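Participant:
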Amino acid sequence: MAAGLACFLFLSWGGVKTFWEQAMTQAQRKATYGFQGPTAVAIREKVGQGLALAALGGFRGLAANALMLQAHGAWEEQQWVRVRTSLELATVLQPRVAVFWDTASWHLAWNAAVAAERFNGESSETKRRMEARRWVEAGRD
449 MAAGLACFLF
459 LSWGGVKTFW
469 EQAMTQAQRK
479 ATYGFQGPTA
489 VAIREKVGQG
499 LALAALGGFR
509 GLAANALMLQ
519 AHGAWEEQQW
529 VRVRTSLELA
539 TVLQPRVAVF
549 WDTASWHLAW
559 NAAVAAERFN
569 GESSETKRRM
579 EARRWVEAGR
589 D
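Numbering (the numbering used here), first residue to last: 449 to 589.
#1: Within this structure, are the beta carbons of Ala546 and Ala512 separated by less than 9 Å?
#2: Tell me, to the nearest whole angstrom, how far the beta carbon of Gln542 is from that of Gly509; I am working on the premise that it is less than 8 Å.
#3: Pick from Arg530, Ser534, Glu469: whose alpha carbon is nearest that of Met516?
#4: Quick check on the DSSP output: the alpha helix (DSSP H) that includes His520 runs from which residue to which?
#5: Give me the residue from Glu525, Arg544, Ala451 with the minimum Cα distance to Ala560.
#6: Does the Cβ of Phe548 have 16 or more other Cβ atoms within 10 Å, making it buried, or fewer, making it exposed?
#7: So Val529 and Trp523 are in contact, right, with Cβ under 8 Å, and what is the actual spacing, rounded?
#8: Ala538 lies in the alpha helix (DSSP H); which residues open and close that run?
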């Protein structure tokens, strides 16, 4: 009887914890990216890198260059989430091209961090610095 009750409590806690963690994940995505849906990284993880690269075949370089141009356009408009997404996918498609990694690190760790700290409209200096720090960490990854 006690073992059954313990098992029931354990499973109930697992169900509650799952919903709680999903709510926290959505809140974190909304705070970080501005929306609650799946990120490009989550979608890429579901599809799998091998399948995505196999689907592109010999056009990986062309697709990566198009993503770099898209990232540049997003950079001009200071849409940092689009910049990050485009550059992450470009580096996945062409992982051996150093200029893609350099550009991604520069845009995220420097440009996005400075924009978050100086121009994001947040009144709290602490929140601005925390946001800038997140972009610096994204540039390191």
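Ideal Cβ positions, reconstructed from N, Cα and C, are used throughout, including at glycine. This structure is a prediction, so every number in the text was calculated from the model and none was measured.
Facilitator: The short version:
#1: no
#2: 6 Å
#3: Ser534
#4: 508-524
#5: Glu525
#6: buried
#7: Actually they are not in contact, since the Cβ atoms of Val529 and Trp523 sit about 12 Å apart, beyond 8 Å.
#8: 528-541
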